[in-house]
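Asks:
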Amino acid sequence: MTTSPLADRTTTAAARATDLSKIYGQGETQVVALDRVSVDFRQAEFTAIMGPSGSGKSTLMHCVAGLDSFSSGSVRIGDTELGSLKDKQLTRLRRDKIGFIFQAFNLLPTLNALENITLPMDIAGRKPDKEWLDKVIGMVGLADRLSHRPSQLSGGQQQRVAVARALASRPDIVFGDEPTGNLDSRSGAEVLGFLRNSVRELGQTVVMVTHDPVAAAYADRVIFLADGRIVDEVYGPTAESVLDRMKRFDAKGRTS
Amino acid sequence: MFRTALRNVLAHKARLLMTVLAVMLGVAFVSGTLVFTNTISDALQKSSAKGFDQVDVAVTAESRPDVGDRIVKTPELTQALLERSAKTPGAASAVGVVTGFTAMADKDGKLIGGGFQSQGGNYWGTKDVRYPLVSGRAPSGVNEVLIDAKTAERAGYGVGDTVRLSVDGPVLAPRITGVFTTDDGNVAAGGSLALFDTASAQKLFGKPGVYDEIDVKAAAGTSQSALKSALDAALPKDQVETTTGKQLADDQAEAISSSMSGLKSGLLVFAGIALFVGTFIIANTFTMLVAQRTKELALLRAVGASRRQVTRSVLIEALVVGAVAGVTGLVAGVGIGAGLRSLLGTLGATVPDGPLVVSPGTVATALLVGVVITMLAAWLPGRRAAKIPPVAAMSSVHATASTRSLVLRNTLGALLSAAGVAVVLAATTMDGSDGQAPMGLGAVLLILGVFVLTPLLSRPLIAAAAPVLRVFGVSGKLARQNSVRNPRRTAATASALMIGLTLITGMTVMAGSLQRSIDKMASSAIKADYVVSMANGNELSPDVDDKLRSVAGVTATSPMRNAPARIDGTTEYLTGVTGSAIGELTDLKVDDGAFTVAGARVAVDEDTAKSHGWKAGSVFTVHYEDGRKQQLTVAGVYQGNQLIQGIIVDNAALTPHVADPADMQVMVKTSGGASEGTADRLEKALGSNPAIKVQSRADLSHEIAKTFTLVLNMLYGLLAMAVIVAVLGVVNTLAMSVFERSQEIGMLRAIGLDRRAVKRMVRLESLVISLFGGVLGIGLGVFFGWAAGELLGTKMPTYELVLPWGRMALFLALAAGVGILAALWPARRASRLNMLAAIKSE
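Sequence lines, in order, name chains A and B.
Residue numbering for the first sequence is 14 to 269, as defined by the working numbering.
Residue numbering for the second sequence is 6 to 847, as defined by the working numbering.
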């Protein structure tokens, strides 16, 4: 198990947070959700963010993905600094550079599977790249389900559609918010497999928030958050190693 | 449970405000209608009752039917009869009443009042108890007159002024010797009353020494019915009729309330529609409220509340809403009632003064309607709420929209619509008035059918809009799909607009078509440049024709002289014209023979000819009112119309037999055609008489059209109500959609749909729903307009369907406006949605 410096600047970062803080409220009632976090999400890497409830893992993802504002520090997606962007520009950035996978699938029930997959391109008014699209659909194994509505698909199939939607516009980075939280373990494993394949075979960059050590084990690298700070990092994790780390935090939490 | 319900009412203020508004509008409309009609009929009733204070028994001439070949004249109430009445035991005094039409001009020479309300009469002796003098003295001779105080005040006349009057044509300019007050209902309603001394009034309005009515006052201690019996015994039974003052007042009250009932039921139909539509909005809102609270209600169930308790809590909530809306609606309704009265006043219809009447019945109806309708509308959602399983409290999944099959609904709708169309089509083949009832029934069936079918219709109709929506990219696509997502809800929303627009389009189509047919009739059948008539439709004096004929530039004139005659044992009204001139004044289509009116040769319209079995060359006998008879020959059969119909006879043949020639109109042809100058010259020749109308053909059709323009304007006012209800409905539906889809909208925002596009999506959905309602309404309206026209066409040969494209486009634009307006708030809300909260699954 190797531990590298927290901010490795030698390879190109798809997204980078520097001294990122997010503070809710003021004075006495002030809550620090993120406390000067610096992290790089490197290209073609699958990163998992872990941590107990309230550790700030979701907040970190939301801020880096341009879904939420932050109090200080900086966030870059590629070469774009997010702090200075207005809502409209942020929206465009999310549309063109970022893919999302949600815990609750969040497909539009009125659209069929294919329409859901191409929705981000529809919004942008772009034609999808046919070759890439076929590749993504082939990978998630949905070729024969494209005309089905979400209500005709199982949970696992719906989340595969969501994965395909996130990848279809060939974004710079894909964020997943507990993507397996609503799935049984077999469907979850499938989806995680696709995400890993998209990194290995298609060269995508994926960042995923999870609390499941098994899910985290699919990642190339796991970041641990506690109290709004990055407290640890593991490369090439296994479920056991992740669980082990987590137990250590718990113990620390209890003794301190 | 009651506390929970109450808390809920307070917790969802914004949403509830809309429910309250929807119920309130319906209630306001119903109670406003009731207040308005009660106020008016009450005021009229009071004024009419007051008018009979001085009358214990009224003696009138008894009219009798014509017999055999004889025109039976009505007996005359002579001075002798008056004196006999006064001397009858039990009578204190008797007053001879003479009445007639008297047009009065204001200082600018314009007619005061509407023409139909310009009245004249006699002032009895030196002190008439009916008319207490405010100032001045009793009149004497045709050059002195009294006028009522209300008119005097309105026109600025006072004692000593000269006023221009006209009774049947010639202008009089008597001096005002006094001003009197009266409780005459007609004056209360805005009319004018001029009084001459009795002898002058008899000369002007009738025959010297003859009265129209004798009012007998009972001596102290004599009842009205006792006096009536005494008079019946004392007066010749075959000549007079006696009626007690109470009976007269009752008769008049009944006549008034029956004349009000048309307006009343018309307004109530609208109020009913407003309520009907309101019901759906209320039901929608409660469905939404329940959907929003699924978890909360499930929690209640989980902790032990029974189904009944859940239903009851929803119903209690409805009760509170209904009661609040009922009370506010009633208050608003009183305002509407008062507003409607002043609106009618400004439109020219004079409405009697009187206090605003808010009867207990109105209050009860308003509250009942508010509470009952709301509770009925909330009942279904309440039951649905009770069916929420307790486990729903634990699951994170939203309650899915009901996907119950529409098969039953569609079948019912198709049956109703088909029946409606069939009945309407059958009615169009019927004759005029026979078809009215089936037509109405068919219309109601069809509207109900389409109403039930709207969910089914929404898919294809909204799909038809897809090419347009595609222009708006993904927003348009999503808007289209969202609008057909819950067809029931879309249907209920669109129906609000549909019903209003159906009525208004139907009326507009009919009015436009009628206008065209009247224009055509006026321009095709009449060649005369001007038609001269009395403002109130009374007869003109025969010298009007003479005067007009001598005006420079007039090439031909003819009176339209009405005279009854017996033909084959029935009474027909002959139209006497100047035979030599009529050919130049009219251009009637002749089917058979030639349009010749000279001596004993007459022209007959198709209908009369058919009923008597006449053809060109037929010979028939008329018995005139003077008892003489004549053989007339049918020279030609023409196509009659609203302006000219019946048997047209040469005045040379008719006038010698008529004691009192009654010219309804005089037609005038001039060398220069119709122009301002010509009209002025004609008016001047008649002494610039306020009571006489000189109308060109254009004026004529305009005047006829004015009656239904007024109705149309009132309907447009009521349409505003339907539009407000519709806006509320669309706002409701959209707010509900936005709420239910907040997670979806959050996701769309996350994956890159910007705020503008979200707003556009909601607006387009609103627009699609509104236009759907608009198209349905306009389509139905055109169909009804066409069908009603077919029915009218049987009576009006010149009727043709005119589609008012401009107006229809305006209505569609109005529907679009409703959509855009209604989307303002929901669209804003959707675009401001907290993205993070929305995409969290909990």
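The C-beta atom is built at its ideal place from N, Cα and C for all residues, glycine as well.
Note that the coordinates shown come from a computational prediction; the quantities given were computed from them, not determined experimentally.
#1: For Met752/B, decide whether its Cβ has a neighbour in chain A, counting only Cβ atoms nearer than 8 Å.
#2: Considering only the alpha carbon of each residue, which of Leu451/B, Leu302/B, Gly195/B, Asn191/B lies closest to Leu421/B?
#3: What's the gap between the Cα of Val807/B and the Cα of Ile523/B?
#4: Within the 8 Å Cβ cut-off, does Asn839/B reach chain A?
#5: Kindly say whether Asp135/A, judged by its beta-carbon, lies nearer than 8 Å to any beta-carbon of chain B.
#6: For the stretch 676 to 709 of chain B, enumerate the residues whose C-beta is nearer than 8 Å to any C-beta of chain A, in chain order.
#7: What number of angstroms, rounded off, separates the C-alpha of Ala252/A from the C-alpha of Glu203/A?
#8: Who are Pro564/B's beta bridge partners in DSSP?
#9: In three-state DSSP terms, what is Ala4/B?
#10: Assign Asn718/B to buried or exposed, taking buried as 16 or more other Cβ atoms, counted over all protein chains shown, within 10 Å of its Cβ.
#11: Is it true that the stretch 473 to 487 of chain B meets the stretch 762 to 771 of chain B, where meeting means three or more beta-carbon pairs spaced less than 8 Å apart?
#12: If the cut-off is 9 Å on Cβ atoms, which residues from the stretch 441 to 475 of chain B count as contacting chain A, listed in chain order?
#13: Looking at Gly101/B: is its Cβ nearer than 8 Å to the Cβ of Leu209/B?
#14: Buried or exposed: where does Lys689/B fall if 16 or more other Cβ atoms within 10 Å of its Cβ makes it buried?
#15: Measure from the C-beta of Phe115/A to each C-beta in chain B and report whether the shortest distance is under 8 Å.
#16: Does the beta-carbon distance from Gly250/B to Val62/B come in below 8 Å?
#17: Are Asn4/B and Val362/B close, meaning C-beta to C-beta below 8 Å?
#18: Are the CB atoms of Ala239/B and Thr83/B nearer to each other than 8 Å?
#19: Would you say the stretch 458 to 467 of chain B touches the stretch 424 to 436 of chain B, given that touching needs at least three Cβ pairs under 8 Å?
#20: Count the C-beta pairs between the stretch 222 to 238 of chain A and the stretch 174 to 194 of chain A that are closer than 8 Å, then say yes if the count reaches three, no if not.
#21: Use the C-beta contact count for Trp619/B: other C-beta atoms within 10 angstroms, 16 or more gives buried, fewer gives exposed.
#22: Check whether the Cβ atoms of Pro141/A and Ala181/A lie closer than 8 Å to each other.
#23: In or out: Ala731/B buried (at least 16 other Cβ within 10 Å) or exposed?
#24: Excluding five sequence neighbours on each side, which residues of the same chain lie with their C-beta closer than 7 Å to the C-beta of Arg521/B?
#25: From the DSSP output, in three-state form, read off Gln257/B for me.
#26: Which residue's Cα is closest to the Cα of Phe237/A: Arg55/A, Lys35/A, Val52/A, Met63/A?
#27: Who pairs with Phe106/B in a beta bridge, going by DSSP?
#28: Ala404/B CB to nearest chain A CB: under 8 Å?
#29: For Glu94/A, count neighbouring C-beta atoms within 10 Å of its own C-beta (all shown protein chains included) and say buried if the count is 16 or more, exposed if not.
#30: Give the single residue among Gly327/B, Ile697/B, Val823/B, Gly445/B whose Cα lies nearest to the Cα of Leu553/B.
#31: Excluding the 5 residues flanking Ser676/B on each side, which residues of the same chain have their C-beta closer than 7 Å to its C-beta?
#32: Mind checking whether Thr333/B and Met23/B have CB atoms under 8 Å apart?
#33: Nearest chain B C-beta to Asn119/A closer than 8 Å, yes or no?
#34: Measure how close the beta-carbons of Val60/B and Asp220/B come, nearest whole angstrom, since I'm counting them as under 8 Å.
#35: Please determine if the stretch 539 to 547 of chain B and the stretch 646 to 655 of chain B are in contact, where contact requires at least 3 C-beta pairs separated by less than 8 Å.
#36: Could you name the residues of chain B that Lys101/A contacts, counting a contact when the two beta carbons are closer than 9 Å?
Replies: In this structure, then:
#1: yes
#2: Leu451/B
#3: 12 Å
#4: no
#5: yes
#6: none
#7: 16 Å
#8: Val671/B
#9: In the structure as shown, chain B starts at 6 and stops at 847, and residue 4/B therefore has no counterpart that could be examined.
#10: exposed
#11: yes
#12: none
#13: no
#14: exposed
#15: yes
#16: yes
#17: Because chain B in this structure spans residues 6 to 847, residue 4/B falls outside the shown range and cannot be described.
#18: no
#19: no
#20: yes
#21: buried
#22: yes
#23: buried
#24: Glu805, Val807
#25: helix
#26: Met63/A
#27: Gln124/B
#28: Only weak support is given to the placement of Ala404/B: the predicted model assigns it a pLDDT of 42, under 50, and the question is left unresolved by the model.
#29: exposed
#30: Ile697/B
#31: Gly558, Thr560
#32: no
#33: yes
#34: 5 Å
#35: no
#36: Asp759, Arg760, Arg761
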